[in-house]
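Quick note on numbering: the sequence shown equals residues 11 to 506 in our numbering. Built from N, CA and C at the ideal position, the CB exists for glycine as well. A short worksheet on the structure shown next.
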Amino acid sequence: MQQDAIKHIVIAGGGTAGWMTAAAFGKLFGKNIKVTLVESDAIPTVGVGEATIPTLHLFHDLLKIKEADFMAATNATFKLGIKFENWYEKQQAYIHSFGHFNHGCWAAGFQHFWLRGQKLGVASEIGDYCPEHLACRLGKFATAPKQERNHAFHLDAGLYATFLRHIAQRSGVNRVEGKIQQVDLNYDSGFIQSLTLADGQCISGDLFIDCTGFRGLLIEQALNTGYEDWSHWLPCDSAVAVQTELLETSAPYTRSIAHDAGWQWQIPLQNRMGNGMVFCSKYISDEDAKTHLLSKLQGQPLNTPRIIKFKTGVRRKLWNKNCVAIGLAGGFIEPLESTSIHLIQQSVIRLMQSLPSIHMESAIVDKFNATMRSEIDNIRDFIVLHYHATARRDSAFWRYCKDMPIPKTLQERMQQFAQSGHVHQGQGELFGEASWLQVMLGQGITPSTYHPIVDLMPAQELTDFLTSIKQQTARRVGSLPDHLAFIRHYCPSKAS
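Here's what the structure looks like:
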């Protein structure tokens, strides 16, 4: 090894963030770098995020994790998208699926052909032209070799952390049980040099990764990095979570049901239903939120509802000196589009790709911060879109969301779509054209026109074109098995 190479990485905190980080570094760098994770059984993790997006496949590929093994160990089901209910208007629903619309041309995406078809009365709802969207509605799913993996998972976050812990420890990661009493800084450089535990044990390292959750024990309490508050754009600041019996067939999608002061989630696992309510405490009290959630449950509660408090926003630097904040320690956008585990994964992978020497070269640190911030800003805009592009004015919460100023970047994107039907796609953005398209249409933004190249296609040819795609989609999805039946064959839960 080079003399100035990082030789010891110390991870503060466990949970999903800590053990994803430990598993990745242990499996991929464990022969050259010592990895130590410090956590205390006395400190609970948040552990309610039970939905993911398709990018998780990349992380699992890196660690050579077999899909069926992971799903069986975590009570997982498949997820093809999210059903949004009551978001644009009460009693109205739409689906944001993970599929693509691959039938456009060089100048215009599929939506331009579909928009003209709508005006001619020959096009049905846009989801009829996307297999994943239709499979969501019909409750169908199957995987196949070489199939594009446009699916994600619902999983038990606690079991996922345990699954990753086994991988990490088999790869040589050392777990130290104990509470962190003090973060020790180098007087000259300001770098973290060690963590002192409550039992007096001192753990020194070269690079420290803060996975201590909202507390930000290293990145904030020790290094005073600062926090950019986004609650003026994302006003929800609380959640209440509870698990219930599973009474019905598991659908391959998450349900997000808007209410007068936020929204409720339903996430089906193999053996139970994950439920929760995200809300703004300015418009509903904790007790009323609990009462509302319990009144909407479809099965008997399996645990006591618990309140979680948060502030939406991001650290001013995710990497400060020799400390990188990963997971909730770095910020929180809220779980509406299931991006928390994705951002953990992106932080870990980018850190591994740009691993510095013990000197923490500024160019590497600055590039990491800029790249992560760009991705986080894009996700923030996508989440804000759901709240702001609404026709609801029936409660104080929704009137605030409808009238609030929004980021300029989001305003420009919405205007471009409304005026032209074009969907802006920035380089490296997480949410692609199909995602923005489905949500903007679902939230009531209807383009006033479409690209003129579509008019070169005769009306009958357009009709045949749309009919063919719809029929192909229906045949493909119709051949799939029931979602739950496939799970029972492919990856039955070991805990069921």
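- Item | Residue environment, residue 438, which counts as buried when at least 16 other CB atoms sit within 10 Å | exposed
- Please report the residue range of the beta strand (DSSP E) in which residue 269 lies. 264-269
- Just how far apart, CA to CA, sit residue 236 and residue 320? Spanning the two alpha carbons is a distance of roughly 16 angstroms.
- Message: I want to know whether the stretch 392-409 touches the stretch 267-278 - three or more CB-CB distances under 8 angstroms.
- Response: yes
- According to DSSP, what are the bridge partners of residue 448? Paired residue(s): none; residue 448 is not in a bridge.
- Does the Cβ-Cβ distance between residue 78 and residue 220 come in under 7 angstroms? no
- Task: Compute the beta-carbon to beta-carbon distance between residue 233 and residue 330, rounded to the nearest angstrom, for a pair I have assumed lies under 8 angstroms.
- Result: 5 angstroms
- CB of residue 118 within 7 angstroms of CB of residue 490, strictly: no
- For the beta strand (DSSP E) that residue 220 lies in, which residues bound it at each end? 217-220
- Query: Under a three-way DSSP split, which group does residue 93 fall into?
  - Reply: Correct three-state label for residue 93: strand.
- Stretch-stretch touch, CB-based, cutoff 8 angstroms, three pairs: the stretch 301-313 with the stretch 191-203: no
- Just curious, the beta strand (DSSP E) that residue 162 is in, first and last residue? Counting along the chain, residue 162 sits inside the beta strand (DSSP E) bounded by residues 162-164.
- Query: residue 509 bridges to which residues according to DSSP?
  - Reply: The requested residue 509 is not part of the displayed model; the chain covers only 11 to 506.
- According to the neighbour-count rule (16 or more other Cβ atoms, all chains shown, within 10 Å of its Cβ), is residue 197 buried or exposed? Burial call: exposed.
- Whose C-alpha, out of 349, 353, 345, is nearest the C-alpha of residue 336? 353
- Message: Looking only at its chain, what residues have a beta carbon closer than 6 angstroms to the beta carbon of residue 257, apart from the 5 residues adjacent to it on each side?
- Response: 308, 309
- Given residue 19 as reference, the closest of 493, 121, 375, 365 once Cα atoms are compared: Its Cα nearest to that of residue 19, the residue 365 stands out among 493, 121, 375, 365.
- Proximity of residue 285 and residue 85 at Cβ, strictly below 7 angstroms: no
- Query: Taking just the CA atoms, how far does residue 144 sit from residue 484?
  - Reply: Rounded to whole angstroms, residue 484 and residue 144 show a C-alpha spacing of 8 angstroms.
- residue 287 bridges to which residues according to DSSP? Residue 287 has 250, 274 as its beta-bridge partners, per DSSP.
- Message: Let me check understanding here. Comparing Cα to Cα, which of 478, 167, 476, 501 lies closest to residue 283?
- Response: Per the Cα distances, 167.
- Query: Can we say the stretch 41-52 touches the stretch 237-244, given the rule of at least three CB pairs closer than 8 angstroms?
  - Reply: no
- Message: When you compare the stretch 389-398 with the stretch 418-434, are there three or more beta-carbon pairs, one atom per stretch, that lie closer than 8 angstroms?
- Response: yes
- Task: Report the rounded CA-to-CA distance for residue 384 versus residue 435, giving the unit in angstroms.
- Result: 13 angstroms
- Item | Validate contact between the stretch 103-112 and the stretch 440-449 using beta carbons, cut 8 angstroms, 3 pairs | yes
- Do residue 183 and residue 32 have their CB atoms nearer than 7 angstroms? yes
- Tell me where the beta strand (DSSP E) around residue 104 begins and ends. For residue 104, the enclosing beta strand (DSSP E) stretches over residues 103-107.
- Message: Does residue 488 come out as helix, strand or coil in the three-state DSSP assignment?
- Response: helix
- Query: Is residue 464 near residue 88, with beta carbons less than 7 angstroms apart?
  - Reply: With a cutoff of 7 angstroms on beta-carbon distance, residue 464 and residue 88 are scored as not near each other.
- Own chain residues within Cβ distance below 6 angstroms of residue 133, not counting five before or after: 124, 127, 476
- Message: At 4 residues or longer, what runs of the alpha helix (DSSP H) sit wholly inside the stretch 359-447?
- Response: 372-398, 406-413, 418-430
- Query: Should residue 379 and residue 412 be called a contact, given that it needs their Cβ atoms to be closer than 7 angstroms?
  - Reply: no
- For residue 129, does the three-state DSSP call read helix, strand or coil? Of the three classes helix, strand and coil, the one that applies to residue 129 here is helix, per DSSP.
- Task: Closer than 7 angstroms by C-beta to residue 99: which residues in its own chain qualify, once you throw out the five before and the five after it? Chain order, please.
- Result: 401, 402
- Message: Quick check on the DSSP output: the beta strand (DSSP E) that includes residue 194 runs from which residue to which?
- Response: 190-195
- Item | Beta carbon of residue 345 nearer than 7 angstroms to that of residue 252 | Here residue 345 is not near residue 252, since their CB atoms are 7 angstroms or more apart.
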